[in-house]
Amino acid sequence: MSIIQTLNPELTIAILKTFPTWVSIDVELVESFEELTIFATRDAGISRSSRHKRSATGAQRAHYRKKRKFELGRQAANTKIGVKRVHSVRVRGGNLKYRALRLDSGNFAWASEHVTKKTRLIGVVYNASNNELVRTNTLVKGAIIQIDATPFRQWYEANYATPLTKRSSKAQAGEAKEAEEKKLSNHAQRNLDERKKDSKLDPLLESQFGAGRLYASIASRPGQCGRADGYILEGKELEFYVRKLRTGKQKHAHGA
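The following block contains the structure:
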């Protein structure tokens, strides 16, 4: 149903501001500049029903039933990287979904070390389904992103008492002198020595720690649960995506 009002130009701006966001407005000139006619109509919702679709033969179907709640569709979350903003959505059964519109951090697991840390999201670097999602930095399940390596580097150096980068090795040289003054007990030293036996790091992963950024995959669904959690890429999977990223850069270089 359309609402038709004839307004003075002075009132137009004030009333336009009061219209809710669900109203689409067309302004048409009527006879003179003194009067404006505003047609405001409510936008149609997103529907997943097939009643509004044409049949296989191309015939227009008759509209003999109203829309149903279970056939509705909702706008995509298109989660971006930014200051955290999550909306709750009431869904079937009175349950809640959490629609993340913007996220700036997430929990990521380092599987080989059995440790999980919360860290900052830096950017999307690869998406198997759509390059547009990479260009717009959209967070979706399965996206390959870069995360801040600092929490994992700090944990590794504390756990194994071994520097990961040149910067941290200089810092640890100063700490080594302090450690000499505060000697570990025999029991603590034995535990540390046992841990150091398994402290070998993948060269690809080590180079990423040097740059301060790690490649990770998002395993959660930000538009459904409101979080961007995942795991750090390692081994064959890391090699695969590094190769993909290199070939992608080469294609762009040749294209330019």
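Under my numbering, the first residue of the sequence shown carries the number 1275, and numbering increases by one thereafter.
Note that the Cβ used here is the ideal one computed from N, Cα and C, for glycine as well.
- Pairing residue 1469 with residue 1433, the inter-Cα distance amounts to about 8 Å.
- Looking only at 1430, 1496, 1467 and 1511, the smallest Cα-Cα distance to residue 1480 is reached by 1430.
- Cβ contact annotation for residue 1370 (same chain, cutoff 8 Å, sequence separation greater than five): 1362, 1363 and 1364, in chain order.
- The Cβ atoms of residue 1390 and residue 1383 lie closer than 9 Å to each other.
- The beta carbons of residue 1332 and residue 1501 sit no closer together than 9 Å.
- When Cβ pairs closer than 8 Å are counted between the two stretches, the region 1397-1413 is seen to touch the region 1340-1360, the count reaching three or more.
- When the five nearest sequence neighbours on each side are left out, the beta carbons in the same chain lying within less than 6 Å of the beta carbon of residue 1401 are those of 1407, 1408 and 1417, in order along the chain.
- Assignment of residue 1467 by DSSP, reduced to helix, strand and coil, places it in the helix class.
- The three-state secondary structure of residue 1391, taken from DSSP, is strand.
- For the set 1321, 1378 and 1486, the Cα lying nearest the Cα of residue 1341 is the one of 1321.
- For residue 1380, the enclosing beta strand (DSSP E) covers residues 1379-1384.
- In the DSSP assignment, residue 1489 falls within the unbroken beta strand (DSSP E) covering 1487-1492.
- Between residue 1319 and the set 1522, 1357 and 1346, the nearest pair of CA atoms involves 1346.
- Remark: C-beta atoms of residue 1360 and residue 1372 approach each other more closely than 9 Å.
- Secondary structure of residue 1361 (DSSP, three-state): strand.
- Shown here, residue 1416 sits in coil according to DSSP, grouped into three states, outside any helix or strand.
- Closest option to residue 1466, judged by alpha-carbon separation, among 1348, 1436, 1488 and 1484: 1436.
- Closest in C-alpha terms to residue 1336, from the list 1484, 1343 and 1327, comes 1327.
- Excluding residues up to 5 positions away in sequence, 1423 lie with their Cβ nearer than 6 Å to the Cβ of residue 1486 in the same chain.
- Residue 1506 sits close to residue 1490, with the two beta carbons spaced by under 9 Å.
- The continuous beta strand (DSSP E) containing residue 1505 extends over residues 1504-1506.
- Take the alpha-carbon of residue 1330 and the one of residue 1399: they are about 41 Å apart.
- Distance between residue 1338 and residue 1367, taken at the CA atoms: about 27 Å.
- Bridge pairing for residue 1374: 1360 [DSSP].
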